[in-house]
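Here the sequence shown stands for residues -1 to 305, where the numbers follow our numbering.
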Amino acid sequence: MTARNVTTRFIKETTLGTTPVAGVWDFFPIAGGGGLTAKPVTIESNTKNANRGKSAPLLVGRDITGTLPANFRADQFDTLIEAVFLGAFSAGTLNNGSTESSFTFESDFTDDLTSKYIAYPGVRIDTMTFKWSNRGVATISFTVMGLTSDSDNSASLVGAGSTTALSTNREMTVIDVSGISIGGATTYCLESLEFTISNNRDAKICAGTALGDVTDNLAGSFSVTGSMTVATTDSSWDLIAKKDAQTSVPITFDIGDGTTSYNFDFHETSIEFADPIDAGQDESVILDITFSAYNNSSDLMATCIKT
């Protein structure tokens, strides 16, 4: 079989690990390959055998993980963005918070196969990575952690429910990135930007659970880290002093498709980079900046505003 007819869809759960019946599912349009997988966790038996052979490994649990990459488009990923922020859009504004959510994911294999599905209930969103560069398409990628999997399904869990059609909004390109502000200045030439929001989840495994399966994936600290490439200009020169003094540098930018816009705001960040040097007569002088966000006076680290 080929991958052209592998479909990934998801639905938000009300109770962790319980798939809603007759609910509305969303497609996840994977770009470049990805998905969820179950990995058995085994240990060596170390039992001695008369014939000097090894005993079969012992199954002690399973880890459910996955990476889901996609080209960014409006409306398609809002519930997953909310999940990584541990919050919800309110009047178009989403702040980092502490409200958990979970999902059931389903992989549907239809090319040369008959009724083959793998379900992954109880999935938490751990990280979200966003990337764009000049002459590129904005991409978004999520890493996830689940509870269990079921490949013994002859029918889709969608059942009497429905699946929302894939968003027809176009994939966003760097041409539409605007509203860039670094440390309050808006005249930078930004060549690329990447950031990762992470919940630093840790698996909760209780003794006595079946197969030692994970019972939850608990959120740890909320962190935002990233990097950007900035052309060295009069505007960006001030960043050197801010770097040296470790002065707070707010970073904001908009990305949109002409109809819908997402504004990401990292309220306070610290930045690090090497001072600009002579890179050779045919090379541009640039600033390769890394940054880490931290709480502002209102205990907020990140905000996304959708308009």
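Note that CB positions come from ideal geometry on N, CA and C, so glycine has one too.
Item                                                                                                                  : Value
Neighbourhood of T306 by C-beta distance below 8 Å, restricted to the same chain and skipping five residues each side : No answer is possible for residue 306: the residues shown for the chain start at -1 and end at 305.
For S234, the first and last residue of its enclosing beta strand (DSSP E)                                            : Careful: S234 lies outside any beta strand (DSSP E), inside the alpha helix (DSSP H) at D232 to A243.
Option in C204, S100 and K129 with minimal Cα separation from P119                                                    : S100
N- and C-terminal bounds of the beta strand (DSSP E) containing I303                                                  : A300 to K304
Three-state secondary structure (DSSP) of N215                                                                        : strand
Reference S315, options G159, Q74, D242 and V58, closest by Cα                                                        : Not covered by the structure: residue 315. The range shown for the chain is -1 to 305.
C-alpha distance - A291 paired with N47, whole-angstrom precision                                                     : 56 Å
Other residues of its chain near T301: CB distance less than 6 Å, five sequence neighbours each side excluded         : N93 and D263
Collapsed DSSP secondary structure at D297 in the structure displayed                                                 : coil
The segment 180 to 193 touching the segment 145 to 161, judged by at least three CB pairs closer than 8 Å             : no
Test item: CB-CB of P248 and G182 under 8 Å                                                                           : yes
Cα-Cα separation between A193 and L66, rounded to whole angstroms                                                     : Inspection of the sequence shows that residue 193 is occupied by Phe rather than by Ala. One C-alpha to the other measures close to 16 Å.
Three-state class that DSSP yields for A1 in the structure shown                                                      : Per-residue confidence for A1 stands at a pLDDT of 48, beneath the threshold of 50, marking its modelled position as unreliable; the derived number appears in the next sentence. Of the three classes helix, strand and coil, the one that applies to A1 here is helix, per DSSP.
Start and end residues, alpha helix (DSSP H) containing V82                                                           : D76 to F83
Inter-stretch contact at 8 Å, needing at least 3 Cβ pairs: the segment 216 to 224 / the segment 275 to 291            : yes
Whole alpha helix (DSSP H) elements within the segment 41 to 107, 4-residue minimum                                   : 76 to 83
Opposing strand residues paired with G224 [DSSP bridges]                                                              : F193 and F289
Boundaries of the beta strand (DSSP E) in which N151 is found, first to last residue                                  : D148 to N151
Close-in-space but distant-in-sequence residues of the same chain around F103 (CB under 6 Å, 5 per side omitted)      : F8, L34, Y118 and V121
Supposed close pair V142, N69 - CB separation, criterion 8 Å                                                          : Going by Cβ atoms, the distance from V142 to N69 rounds to 18 Å, so no, they are not a contact pair.
Where L188 falls: helix, strand or coil (DSSP)                                                                        : strand
Spatial distance of L57 from I203 (CA atoms)                                                                          : 15 Å
Any chain C beta carbon closer than 8 Å to T194                                                                       : The structure shown contains no chain C; it holds only a single protein chain.
Endpoints, beta strand (DSSP E) assigned at G120                                                                      : K114 to S131
Selected residue, minimal CA-CA separation from L191, among N132, D150 and D200                                       : N132
Environment of T245 [buried if 16+ CB atoms lie within 10 Å]                                                          : exposed
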